[in-house]
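A.B. asks:
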Amino acid sequence: MKDIVLIAPFEDLAEVAKKVVNENKFTNVDILMGDLSEGVEVAKECVKNGAQIIISRGGTYKMIKEEVNIPVVEIKISSFDILRAFKDLIDYKGKIGIAGYENIVDRSETIAELLKLNVEKVVFDSEKRAPELVLELIKKGATVIVGDAIGHKSAKKYGYKSYFITSGKEAIIDAIQEAQRILEVSTLEKMKSEKIRIIMDFVHDGIISIDKEGYITTFNTMAEKIFNLAAKDVLGKRVEEIIPNTRMLEVLKSGYAEIGELQDIKNQKIVTNRVPIIVDNKVEGVVATFQDVTQIQELEKKIRYELTKKGFIAKYTFKDILYKSTQMEECIGRAKKYALVDSPVLILGKSGVGKELFAQSIHNSSNRASGPFVAINCAAIPPNLLESELFGYAEGAFTGARKNGKPGLFELAHGGTIFLDEIGEIPLEYQARLLRVIEEGEVMRIGDDKVIPVNVRIISATNKNIKKIVDEGKFREDLYYRINILTLNIPDLNQRQEDIILLARYFAKKYSQKYGKNIEDIDDIAIEYLNEYYYKGNVRELKGIIERAVILSTGNTIELKDVKIEETEYNRAHKHADLLSSLMSLKEIETIYIDNIVSKCNGNLTKAAKILGINRSTLWRKLKRK
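Numbering (UniProt numbering), first residue to last: 1 to 626.
(1) Classify His152 as buried or exposed, calling it buried when 16 or more other Cβ atoms lie within 10 Å of its own Cβ.
(2) For Ala8, which three-state DSSP category applies?
(3) Exposed or buried, what is His363 when buried is set at 16 or more other beta-carbons lying within 10 Å of its beta-carbon?
(4) If you draw a straight line from the alpha carbon of Val146 to that of Ile278, how long is it in whole angstroms?
(5) Quick check on DSSP: helix, strand or coil for Phe358?
(6) Measure the C-alpha to C-alpha separation of Asn538 and Arg457 and round it to an integer number of angstroms.
(7) From the DSSP output, in three-state form, read off Arg368 for me.
(8) Report the rounded CA-to-CA distance for Lys510 versus Asp449, giving the unit in angstroms.
(9) What number of angstroms, rounded off, separates the C-alpha of Phe290 from the C-alpha of Arg247?
(10) Closer than 8 Å by C-beta to residue 636: which residues in its own chain qualify, once you throw out the five before and the five after it? Chain order, please.
(11) In this structure, does DSSP put Gly58 in helix, strand or coil?
(12) What does Tyr215 pair with, by DSSP beta-bridge criteria?
(13) For Gly613, which residues from the same chain have a beta carbon less than 8 Å from its beta carbon, with the 5 sequence-adjacent residues on both sides left out?
(14) When DSSP builds the beta bridges, which residues end up paired with Ile376?
(15) Around the C-beta of Arg57, are 16 or more other C-beta atoms found within 10 angstroms, so that it is buried, or is it exposed?
(16) Contact between the region 83-103 and the region 128-148: three or more CB pairs below 8 Å?
(17) Among the residues of its own chain, which have a CB less than 6 Å from the CB of Lys517, if the five just before and after it don't count?
(18) Tell me, please, whether the region 359-377 touches the region 335-342 by the rule of three or more beta-carbon pairs shorter than 8 Å.
(19) Taking 8 Å as the cut-off, does the region 408-419 touch the region 372-380 (at least 3 CB pairs, one atom from each stretch)?
(20) With the cut-off set at 7 Å, would you say Val345 and Ile522 are in Cβ contact?
(21) Do residue 637 and Ile418 have their C-beta atoms closer together than 7 Å?
(22) Whole angstroms is fine: what's the gap from Glu194's alpha carbon to Thr487's?
(23) Any idea if Thr462 is buried or exposed, counting beta-carbon neighbours within 10 angstroms, 16 or more meaning buried?
(24) Counting beta carbon pairs with one atom in the region 113-128 and one in the region 195-208, are three or more of them shorter than 8 Å?
(25) Which residue comes first and which comes last in the beta strand (DSSP E) that contains Asn273?
(26) In three-state terms, what does DSSP make of residue 630?
(27) Just to confirm my understanding: we take Ala85, look at its own chain, exclude 5 residues before and 5 after, and list those with CB closer than 6 Å. What are they?
(28) From the DSSP output, in three-state form, read off Ser599 for me.
(29) Just the Cα atoms here: how many angstroms apart are Tyr570 and Asn596?
(30) How long is the line joining the alpha carbons of residue 628 and Phe219, rounded to whole angstroms?
(31) Given a cut-off of 7 Å on the beta-carbon distance, is the pair Leu530 and Leu322 in contact?
(32) According to DSSP, is Val454 helix, strand or coil?
(33) Which partner residues of Gln123 appear in the DSSP bridge assignment?
(34) When DSSP labels each residue in this structure, what does Glu541 get in the three-state scheme?
(35) If you draw a straight line from the alpha carbon of Ala369 to that of Leu357, how long is it in whole angstroms?
(36) Which of the three DSSP states, helix, strand or coil, is assigned to Ile446?
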């Protein structure tokens, strides 16, 4: 069966239609016969066999249109068709009867009036009553009948002369072309609908839509799984019957979207978004998406696992930084402000102070937290490999290059943060390329001529005096100013004594659990030793000391013998030297010296005053002045 079927109510129309189809090469049109109720049966059979559009005319068209659920196109009667029927009656003096369905009768009456003919009309409301109504015309004095197929047939039944209003070639061509336009639009709509259906059925979200009355119009495959219901059982039903605690009706009333809401459905947590469908400023329905929270968590777990495998994830946040000192409090406060913007950050601090801990915390507190965190120690990679690691390379860039090339770390960090530790170690010849990445937001692989846009936040760190390196000409001045927009100085552990015991106790607990020990505390003598010790390696060194102490400890308390190492005086001397060198005035040096003596005297002010060569009241004043 062809897509378009023309059902002709009478043979003459069928013959004309066949000629039109052949002459115009309408290859997707079938011609069949069937008048009125017979035509309806033919049409129903055509629909069963795959016909997409029916064409017919007159009463047959009207009856078919009422009975089938596919488009039905009418072969319209033009004014020329009606004039053709009246051409032999222009000088007729008798009464002319017009008989047919409303669409033909009204137009025929108008033309007859223009021709000043004496007419009487009847309008058919059914095929059965047609002969009866034609007989009424005859009784009213009509001597000739003009009508459609059924009117013409009824007049002949009574032996009256009749003029048949039939469709010409032009009307048939117009009807077929209209059917083809409808078929083309219908095909496009079906393709769109099928694409949308496939998309909706393959997304991981459940999707439900309702019309403006609250009836369900869409229920995709994932929605079927989430709600454990078949779409065929819910389409066309009120949404509150299917989801008792839905808020789709509230969105329908308010016209405001609700995004990222948690909902309990059949004992499972669902994340739902509800958005109104607004057409011409009117709410015409609502679309809601649903995601099972456990699926989101599993997906997040997979993503984080993949990032972790590659090492592209930041594990630490500001909550992981242990401190009591005001210096660290101020440092963290500043870092949190830096996390709110995308500007480059330069972290300064000696080895072991926790520069990467801060870099990760800044990343995890920023709007890039869900993106990758890529860390590279510029000092740990040989200079000849650093360029390809940072910027990547194209296929065939050098001997041994991968077949499809390799993305650099800047590409891998796209959408996230790259942490360049020991940035001062980057060779001068690569610094211009690094500057271009920062300024232009694009990278070019080695051996390639194409630029790749990257959206990366840059955090750098160094334990060197980078300004001195700039002055020595070993680091580009323009690059220095570009990475040094936001500076973060992390204080040495030796400058924040309040944090030493806090960290020591934390590490003791951590390693006690790791090694199956039962360490409960650190004794006072060991604490005093740890406070006096000079930590050249900062927190990293303290961590190592406590790990060793836990391993060596034989009881449930860490003692001096567990933490004590050689060169105590050396370390103490360097601690004092380090503290003094970092201070700015004699008054501050004096304060440090007094604190040191008081500490040695275990807080005994009388003894401390005697060592200092001042009286006790003077010592008290100096301590109070602090």
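Each residue gets a CB set at the ideal place from its N, CA and C atoms; glycine is no exception.
C.D. replies: Here's the rundown:
(1) Buried is the call here.
(2) strand
(3) In summary, His363 is buried, with 16 or more beta-carbon neighbours lying within 10 Å of its beta-carbon over all protein chains present.
(4) 52 Å
(5) helix
(6) 28 Å
(7) Correct three-state label for Arg368: coil.
(8) The straight-line gap from Cα to Cα measures roughly 51 Å.
(9) 12 Å
(10) The question about residue 636 has no answer, for the chain in this structure spans 1 to 626.
(11) Here Gly58 sits in helix by DSSP.
(12) Arg238
(13) none
(14) Per DSSP, Leu420.
(15) buried
(16) Touching, yes.
(17) Around Lys517: Val550.
(18) Touching, yes, given that three or more Cβ pairs across the two stretches are closer than 8 Å.
(19) yes
(20) no
(21) Here the chain comprises residues numbered 1 to 626, so residue 637 is not present and cannot be evaluated.
(22) Distance between the alpha carbons of Glu194 and Thr487: 56 Å.
(23) buried
(24) no
(25) Bounds of the beta strand (DSSP E) holding Asn273 are 268-279.
(26) Residue 630 lies beyond the stretch modelled for the chain, which goes from 1 to 626, so this question has no answer here.
(27) Val146, Tyr163, Ile165, listed in sequence order.
(28) helix
(29) Annotation note: pLDDT 44 at Tyr570 (below 50); position unreliable, coordinate value reported separately. Rounded to the nearest angstrom, the two C-alpha atoms are 16 Å apart.
(30) Residue 628 lies beyond the stretch modelled for the chain, which goes from 1 to 626, so this question has no answer here.
(31) no
(32) In the structure shown, Val454 adopts coil according to DSSP, grouped into three states.
(33) A small fix is needed here, since residue 123 is Val in this sequence, not Gln. Bridge partners of Val123: Gly100.
(34) helix
(35) As the crow flies, the alpha-carbon of Ala369 is around 14 Å from that of Leu357.
(36) It is a strand residue.
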